[in-house]
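Residue numbers (full-length UniProt numbering): 1 to 328. Let me begin by presenting the structure, written as structure tokens, before commenting on it.
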């Protein structure tokens, strides 16, 4: 296929590539929506990008690429880019791509494998897949032939910033100088460190959130058994997970010393106090009430002092619980 034939075929096939890009994007995004808020998960809006004519002709005929059949060998005629926050998010998108049945997915580039192979090199990082539909797909008025390729890039926001800066200034230059190479390598080294630290922070936060959620679930299970029938009917509409999690987070230093089972097994006597004040005080409508009672009733001045110091809401609310128990 000569250059003229290549151009004619590519221009004729452009609607197919656009339709295929839209289809691939929608399938992946719908899978992401099953588990995540896509507007926060994706840091940059993902839109299919069909390679412009000049770029693909340059790649096929003028960039010293060893193509024998450039039209079929070039797999990024249409592409998608998913930009996420963390390296773990890259793996999540990768699993989605690999598990969709309508296409065959081949990993064309994996920065982790490249890093393991050349641990002393700091360079462009991204995960690339090429997906090809197993059967013809009808997308609107367009039939997408089986085997139509779409390239998918997945990278973190930090990796994306590196790519944006270096792509035109390094990748397409004929003779970039050594100082430029050195500077971009230093940038990539720093980006890799930051990405690793972000993942470490995310892991710590996730573990804490899991701990708080488990703690709260046990408090809630006990709390609902103490409500009278009227208050029990209104509990779900009055319950605020956000408020409960906020209190637990602020009291982290305390609850790390207090096993939740100790609280649950020692709070049967507080039902009357809770039901009496349930309608007049939002805080009494929350399961963390049990934790507050437990700390105040423990007769440990040091624990109560710590509670007062850490307490994130008004002191008057805390005094209400102390008054119930005639403490302090």
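Backbone N, C-alpha and C fix where the C-beta goes; we use that ideal spot for every residue, glycine too. Everything numeric in this text was worked out from a predicted model, so none of it was measured.
N- and C-terminal bounds of the alpha helix (DSSP H) containing residue i
i: residue 11; result: 3-33
i: residue 233; result: 229-233
i: residue 73; result: 70-73
i: residue 317; result: 315-325
i: residue 333; result: Residue 333 lies beyond the residue range present for the chain, which begins at 1 and ends at 328; the question has no answer from this structure.
i: residue 241; result: 241-250
i: residue 90; result: 87-99
i: residue 306; result: 301-310
Candidates the options, of which the one nearest residue i by Cα
i: residue 285; options: 160, 307, 42 and 273; result: 273
i: residue 154; options: 127, 29, 250 and 145; result: 127
i: residue 136; options: 314, 301 and 20; result: 20
i: residue 214; options: 232, 241 and 231; result: 241
i: residue 282; options: 180, 53, 83 and 321; result: 321
i: residue 239; options: 257, 216 and 210; result: 216
i: residue 31; options: 57, 101 and 54; result: 101
i: residue 37; options: 95, 225, 89 and 164; result: 89
i: residue 130; options: 305, 308, 25 and 232; result: 25
i: residue 296; options: 314, 325, 62 and 268; result: 325
i: residue 314; options: 202, 91, 247 and 209; result: 247
i: residue 42; options: 75, 82, 64 and 132; result: 82
Residues of its chain near residue i, where Cβ-Cβ distance is below 6 Å and the 5 sequence neighbours each way are ignored
i: residue 119; result: A caution first: residue 119 carries a pLDDT of 49, below 50, which makes its placement in the model unreliable, though a value can still be read off. So no residue of the chain qualifies.
i: residue 219; result: 287 and 290
i: residue 277; result: 284
i: residue 70; result: 60
i: residue 264; result: 218 and 222
i: residue 316; result: none
i: residue 231; result: 275 and 278
i: residue 18; result: 50
Close-in-space but distant-in-sequence residues of the same chain around residue i (CB under 8 Å, 5 per side omitted)
i: residue 22; result: 48 and 139
i: residue 8; result: none
i: residue 15; result: 142
i: residue 306; result: 253 and 254
i: residue 96; result: 28, 31 and 32
i: residue 195; result: 86, 87, 156, 158 and 159
i: residue 144; result: 16, 19, 20, 23, 133, 136, 137 and 138
CB-CB length for residue i against residue j, believed under 8 Å
i: residue 223; j: residue 290; result: 6 Å
i: residue 87; j: residue 156; result: 6 Å
i: residue 150; j: residue 254; result: Actually they do not touch by this definition, with Cβ atoms about 53 Å apart.
i: residue 85; j: residue 198; result: 7 Å
i: residue 67; j: residue 58; result: Contact doesn't hold; Cβ gap of about 12 Å is too wide.
Residues near residue i by beta carbon distance below 7 Å, same chain, minus five either side
i: residue 250; result: 310 and 312
i: residue 122; result: With a pLDDT of only 44 at residue 122, under the threshold of 50, the placement of this residue in the model should not be trusted; the figure read from the coordinates follows. Closer than 7 Å at Cβ, skipping near neighbours: 185, 188, 189 and 192.
i: residue 114; result: Unreliable positioning characterises residue 114 in this predicted model, as indicated by a pLDDT of 49, which lies under 50. The coordinate reading is nonetheless provided below. Excluding sequence neighbours, residue 114 sits near nothing in its chain.
i: residue 134; result: 102, 103, 104 and 146
Delimiting residues of the beta strand (DSSP E) encompassing residue i
i: residue 81; result: 78-84
i: residue 156; result: 149-156
i: residue 133; result: 127-133
i: residue 44; result: Unbroken run through residue 44: none, as it is neither H nor E.
i: residue 329; result: Only positions 1 to 328 of the chain appear in this structure, which leaves residue 329 out of reach.
- Taking only runs of the alpha helix (DSSP H) that begin and end inside the region 257-290, which ones reach a length of at least 4 residues, in chain order? When DSSP assignments are scanned along the region 257-290, the uninterrupted stretches of alpha helix (DSSP H) that are 4 or more residues long and fall wholly within it turn out to be 260-264 and 271-277.
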